[in-house]
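Enquirer: Numbering of the sequence shown is given in my numbering, commencing with residue 1 and proceeding in unit increments.
Ideal Cβ positions, reconstructed from N, Cα and C, are used throughout, including at glycine.
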Amino acid sequence: MNRLLISLLLLCMGIATVSGVSITKKDVENSLDMLDKEIAKRTDYIHSRETRIDSIRQRLAEPISDQRQLDLTMQLGDLYSSFNNDSALIAYTRGLDKAREIGDSVNVFRFRVKRATILPLSGFVMEANKEFESIDTSGLSHDDLVFYYTSARQMYSYITSFFINYPESRNRWNSKASAYRDSLLSVLDHKSLTYDLNYSEELIANNDFKKAKMVLLELLDHISPNSNLYARACHLLATIAREKGNTDEETYYLALSAMADIKGAVREVMSLQELGVIMSENNDIDRAYDYLSVALTNAVECNATMRIVQSSEALPFIQKAHSDQMQAWRHRIYMVIGCIIIILIVLVVALLALRNQMRKQNQLKVKLQSANHVKEIYISQFFRLCSIYIDKLNQFCKIANRKITSGQVDDLYKITKSGKLVEEQSEEFYRLFDDAFLHIYPTFVEDVNALLKEKIILKEGELLNNDFRILAFMRLGLEDTNQVALILNYSVNTIYAYRNKLRNRAFDRDNFEKNIMAIGAINE
1 MNRLLISLLL LCMGIATVSG VSITKKDVEN SLDMLDKEIA KRTDYIHSRE TRIDSIRQRL
61 AEPISDQRQL DLTMQLGDLY SSFNNDSALI AYTRGLDKAR EIGDSVNVFR FRVKRATILP
121 LSGFVMEANK EFESIDTSGL SHDDLVFYYT SARQMYSYIT SFFINYPESR NRWNSKASAY
181 RDSLLSVLDH KSLTYDLNYS EELIANNDFK KAKMVLLELL DHISPNSNLY ARACHLLATI
241 AREKGNTDEE TYYLALSAMA DIKGAVREVM SLQELGVIMS ENNDIDRAYD YLSVALTNAV
301 ECNATMRIVQ SSEALPFIQK AHSDQMQAWR HRIYMVIGCI IIILIVLVVA LLALRNQMRK
361 QNQLKVKLQS ANHVKEIYIS QFFRLCSIYI DKLNQFCKIA NRKITSGQVD DLYKITKSGK
421 LVEEQSEEFY RLFDDAFLHI YPTFVEDVNA LLKEKIILKE GELLNNDFRI LAFMRLGLED
481 TNQVALILNY SVNTIYAYRN KLRNRAFDRD NFEKNIMAIG AINE
């Protein structure tokens, strides 16, 4: 039942079961994603362990029996072990002193063993070896003998891991670890989980990887994924995968091992450090940097001198890779900045073009407003002329009525026959027309002369003459020659003659009338 529950749990976690199914790249990525999430919760696990430590410390401060004090001191040392080596060493030393003080030989033995296994973590390898070999194992109970061999195997395996680059020393310490493992296997219950773990380690040492993997996979189905035993088993499976050259499987099991360590708030670890190196080799620089940084932080906080050295050796390579990545990012940023600058230039050009367009539109708006004003002037001047001529007509009617009533028909006839009245009215009309037209087109005279080879000279006091008036009517769109002749009191032929004369004097004879129509026109 327990095996089934654990398998289901692993499936829910998104990780392939450990029942021998081939590990896929998706399984590897899922395991790394989960590890990243667990690392993010690292401080929570550490706080939980610190809470348990504080609880034991508080109980030790209370009045308790000597035996209870020794038991709690052992628990305190175990909680500090792989968490804060200096504090663990202090706890075991105090326990040893207390056991000696009360003459408790069993606890003297146990605290000496615990104290010896802690010393290599701080770099005291020779001192640990000397202390361990000086311990008398004669007369030990079965449980204490298992405890002794377990601690010895652990300590010498730990020491061996520091001499990977020194074959002679490594073989010497590994021989001790193997000897104590053999002794441990001889006293362990062959049905125990601890036996399976150490037996698989023995099989790996003898290069029997297939059988070792079978034992470990079976073992994983019976232990909690949060336990130290699980972390060790996964690390051994990663070792087998590495020996077979299966990087995906190695990465997968190292991730599981590292997760178990993190959940247990274990700071003295190898899995996360080894995983960081693999990530570096796979160019996953972010993860490599994160994993090795956490591993180094753990080693420093744990005061594990040898782990600090190992983690530090890998960091320069990660730092270089990280620097290369940062350089690549800088190049990308420069490219992005360059693109942004180009976009900004385009925007500035577009804004300037828009501004110019808006300026033209404003100018056009002003011209349109001016045109509207001109239209208003047209209308006002038209009504003014109409008003004047209505008034003149009324005056003439009054004169005519008066002359007829008084019998002065001959006088009335003389007035109309002389043409003086028409001449006076025509001159008044011309004056009003000239004034109104020039008010609308104030530069008309200059603009017309600019089109002519020989300029039209006005007499003193003249606003416009007949030449200009003919062109003015043309500009106003009055194209009916008969109407123009009637207004100016000329014959049609005379009007044609004036137009031909003016056209012949123009620089551009063919487009003369078109150019006249363009005077004062609204252009965009």
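1. Compute the beta-carbon to beta-carbon distance between Ala233 and Leu216, rounded to the nearest angstrom, for a pair I have assumed lies under 8 Å.
2. Count Cβ pairs between the region 76 to 95 and the region 295 to 302 that sit closer than 8 Å; are there 3 or more?
3. Leaving out five residues on either side along the sequence, give the residues of the same chain with a beta carbon under 7 Å from the beta carbon of Ser224.
4. Is it true that the CB of Ser151 sits closer than 9 Å to the CB of Val106?
5. By how many angstroms is the C-alpha of Val366 removed from the C-alpha of Arg505?
6. To the nearest angstrom, how far is it from the Cα of Ser22 to the Cα of Glu50?
7. Out of Ser293, Gln69 and Pro120, point me to the one whose CA is closest to Gly95's CA.
8. I believe Ala128 touches Ser157 by the beta-carbon criterion, under 8 Å. Please report the beta-carbon distance rounded to the nearest angstrom.
9. Please state the DSSP three-state secondary structure of Ala99.
10. Counting C-beta neighbours from all protein chains within 10 Å, is the total for Cys12 16 or more, i.e. buried, or is it exposed?
11. Would Ala179 and Met155 be called neighbours here (beta carbons separated by less than 9 Å)?
12. Decide if Phe512 is buried, meaning its Cβ has at least 16 other Cβ atoms within 10 Å, or exposed.
13. If Asn260 sits next to Ser293, beta carbons under 8 Å apart, how far is it from one beta carbon to the other, in whole angstroms?
14. Could you say which of Gly461, Tyr496, Gln483 and Tyr441 lies nearest to Asp467 if we only look at CA atoms?
15. Can you tell me where the alpha helix (DSSP H) with Gly276 in it begins and where it stops?
16. I'd like the list of long-range same chain contacts for Glu243, defined as Cβ closer than 7 Å, with 5 residues on each side in sequence excluded.
17. Name the residue from Leu32, Val309 and Lys26 whose alpha carbon lies nearest to the alpha carbon of Arg287.
18. Please name the residue, chosen from Met34, Ile204, Phe124 and Arg509, that lies closest to Lys453 on a Cα-to-Cα basis.
19. Between Asp66, Ser65 and Asp54, which lies nearest to Gly77 when the distance is taken from Cα to Cα?
20. Can you tell me which residues form a DSSP beta bridge with Leu452?
21. Out of curiosity, what's the CA-to-CA distance linking Tyr92 and Lys191?
22. How big is the Cα-Cα spacing for Glu101 and Asp27?
23. Could you check if Ala328 is buried or exposed, using at least 16 other CB atoms within 10 Å of its CB as the buried criterion?
24. When the Cα atoms are used, what is the spatial distance from Arg499 to Gln483?
Expert: Looking at the atomic coordinates:
1. Here residue 233 refers to the residue found at position 233 when the sequence shown is read from its first residue. Here residue 216 refers to the residue found at position 216 when the sequence shown is read from its first residue. Right, the Cβ-Cβ distance comes to about 5 Å (below 8 Å), so this counts as a contact.
2. yes
3. Within the sequence shown, the letter at position 224 stands for residue 224. Excluding positions up to five away in sequence, the list reads Tyr230.
4. For the purposes of this step, residue 106 is taken as residue 106 along the sequence shown, with counting starting at 1. For the purposes of this step, residue 151 is taken as residue 151 along the sequence shown, with counting starting at 1. Their beta carbons are not under 9 Å apart, which means Val106 does not touch Ser151 by this criterion.
5. For this step, residue 505 is matched to residue 505 along the sequence shown. For this step, residue 366 is matched to residue 366 along the sequence shown. In a straight line, the C-alpha of Arg505 is about 34 Å away from that of Val366.
6. Within the sequence shown, the letter at position 22 stands for residue 22. Within the sequence shown, the letter at position 50 stands for residue 50. Approximately 39 Å, taken between the alpha carbons.
7. The residue labelled residue 95 in the question sits at position 95 within the sequence shown. Per the Cα distances, Gln69.
8. The sequence position of residue 128 within the sequence shown is 128, counting from 1. The sequence position of residue 157 within the sequence shown is 157, counting from 1. Actually they are not in contact, since the Cβ atoms of Ala128 and Ser157 sit about 13 Å apart, beyond 8 Å.
9. As a working mapping, residue 99 is identified with position 99 in the sequence shown. Helix, per DSSP.
10. If you number the sequence shown from 1, residue 12 lands on position 12. Legend: pLDDT at Cys12 = 45, less than 50; position of this residue unreliable, value from coordinates given subsequently. Exposed, since its Cβ has fewer than 16 Cβ neighbours within 10 Å.
11. Your numbering for residue 179 matches position 179 in the sequence shown. Your numbering for residue 155 matches position 155 in the sequence shown. No, Cβ-Cβ distance for Ala179 and Met155 is not below 9 Å.
12. If you number the sequence shown from 1, residue 512 lands on position 512. By the neighbour-count rule (16 or more Cβ atoms within 10 Å), Phe512 is buried.
13. Here residue 260 refers to the residue found at position 260 when the sequence shown is read from its first residue. Here residue 293 refers to the residue found at position 293 when the sequence shown is read from its first residue. The question names Asn, but residue 260 is Ala in the sequence shown. Not quite, the Cβ-Cβ distance comes to about 20 Å (not below 8 Å), so this is no contact.
14. For the purposes of this step, residue 467 is identified with residue 467 of the sequence shown, where counting begins at 1. Ranking Gly461, Tyr496, Gln483 and Tyr441 by Cα distance to Asp467 puts Tyr496 first.
15. Here the question's residue 276 lines up with position 276 in the sequence shown. Segment Ser271 to Glu281, the alpha helix (DSSP H) holding Gly276.
16. Translated into the one-based positions of the sequence shown, residue 243 becomes position 243. Correct list, in chain order: Phe209.
17. Here residue 287 is taken as the residue at index 287 of the sequence shown, counted from 1. Measuring from the Cα of Arg287, the nearest candidate turns out to be Leu32.
18. Position 453 of the sequence shown, counting from 1, holds the residue named residue 453. Out of Met34, Ile204, Phe124 and Arg509, Arg509 has the C-alpha closest to the C-alpha of Lys453.
19. As a position in the sequence shown, residue 77 is number 77, starting the count at 1. Closest option to Gly77, Cα to Cα, is Asp54.
20. Here residue 452 refers to the residue found at position 452 of the sequence shown. DSSP output for Leu452 lists Ala506 as bridge partner(s).
21. Walking along the sequence shown from the start, residue 92 turns up at place 92. Walking along the sequence shown from the start, residue 191 turns up at place 191. Going by the C-alpha atoms only, they are around 31 Å apart.
22. As a working note, residue 101 is residue 101 in the sequence shown. As a working note, residue 27 is residue 27 in the sequence shown. For Glu101 and Asp27, the distance between alpha carbons rounds to 55 Å.
23. For the purposes of this step, residue 328 is taken as residue 328 along the sequence shown, with counting starting at 1. Ala328 should be labelled exposed.
24. Taking the sequence shown and counting its residues from 1, the one referred to as residue 499 is at position 499. Taking the sequence shown and counting its residues from 1, the one referred to as residue 483 is at position 483. C-alpha separation (whole angstroms): 15 Å.
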